[in-house]
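See structure below.
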Amino acid sequence: MKPEPAYCRRTQLLWGVLLIAIGAIVLLDRLDVIYLHDYYSLWHYWPVILAVFGLNKLLTPVSAKQVLSGLWLIFFAAWWYVSYEELWNLHFYNSWPALLIAWGVGLVLEPLLNKHFIAYRESEHEK
Numbered sequence: 001m002k003p004e005p006a007y008c009r010r011t012q013l014l015w016g017v018l019l020i021a022i023g024a025i026v027l028l029d030r031l032d033v034i035y036l037h038d039y040y041s042l043w044h045y046w047p048v049i050l051a052v053f054g055l056n057k058l059l060t061p062v063s064a065k066q067v068l069s070g071l072w073l074i075f076f077a078a079w080w081y082v083s084y085e086e087l088w089n090l091h092f093y094n095s096w097p098a099l100l101i102a103w104g105v106g107l108v109l110e111p112l113l114n115k116h117f118i119a120y121r122e123s124e125h126e127k
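Numbering (the UniProt record's numbering), first residue to last: 1 to 127.
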């Protein structure tokens with residue numbers, strides 16, 4: 001199944017905005033307009049990029065796979081951030097089973113979402 005054209009345009013727009021933002025921040029730092037103490041501190045927030053792309057997949061999804069892919073990206077981004085920052089005393093060593101749970105939830109949800117999308121397509125064809 002080909003991705004819908006609107007999704008492709010949104011993804012291209014997201015990549016474009018991301019590149020513009022990164023380029024503008026680096027350029028302003030090089031021109032001494034803003035001062036970034038260190039770029040490493042910005043690296044803590046890279047999972048936000050994954051979450052944004054996950055949300056992009058959830059906007060007007062056309063298949064169960066697209067919904068699950070979006071949810072997985074958002075969950076993985078949240079898990080990575082929580083583990084890296086050791087929030088709630090969670091780190092990579094003790095939180096990795098959450099990935100197994102999320103994988104299992106995805107496997108359980110897929111048939112239910114497939115039924116939903118099939119029913120939706122059939123109701124659209126009746127109109």
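Beta carbons are placed, not taken as given, at the ideal position from N, Cα and C, and that holds for glycine.
Looking at residue j and residue i, is the spacing between their C-beta atoms short of 8 Å?
i: residue 137; j: V48; result: No answer is possible for residue 137: it lies beyond the span of the chain, which begins at 1 and ends at 127.
i: L90; j: S83; result: yes
i: G70; j: L50; result: no
For residue i and residue j, which I take to be in contact (beta-carbon distance under 8 Å), what is that distance rounded to the nearest angstrom?
i: V67; j: L58; result: 6 Å
i: F75; j: A102; result: 5 Å
i: E110; j: A64; result: 6 Å
i: residue 129; j: L28; result: Since the first residue of the chain shown is 1 and the last is 127, residue 129 is not available in this structure.
Alpha carbons only, please: which of the options is nearest the one belonging to residue i?
i: I22; options: R10, R9, C8, Y45; result: Y45
i: Y7; options: A24, T60, P97; result: T60
i: Y81; options: W43, F117, L113, G104; result: W43
i: F117; options: N94, F92, V62; result: V62
| query | For the region 56-89, which segments carrying the beta strand (DSSP E) assignment without a break, of at least 3 residues, lie completely within its bounds, in sequence order? | reply | none
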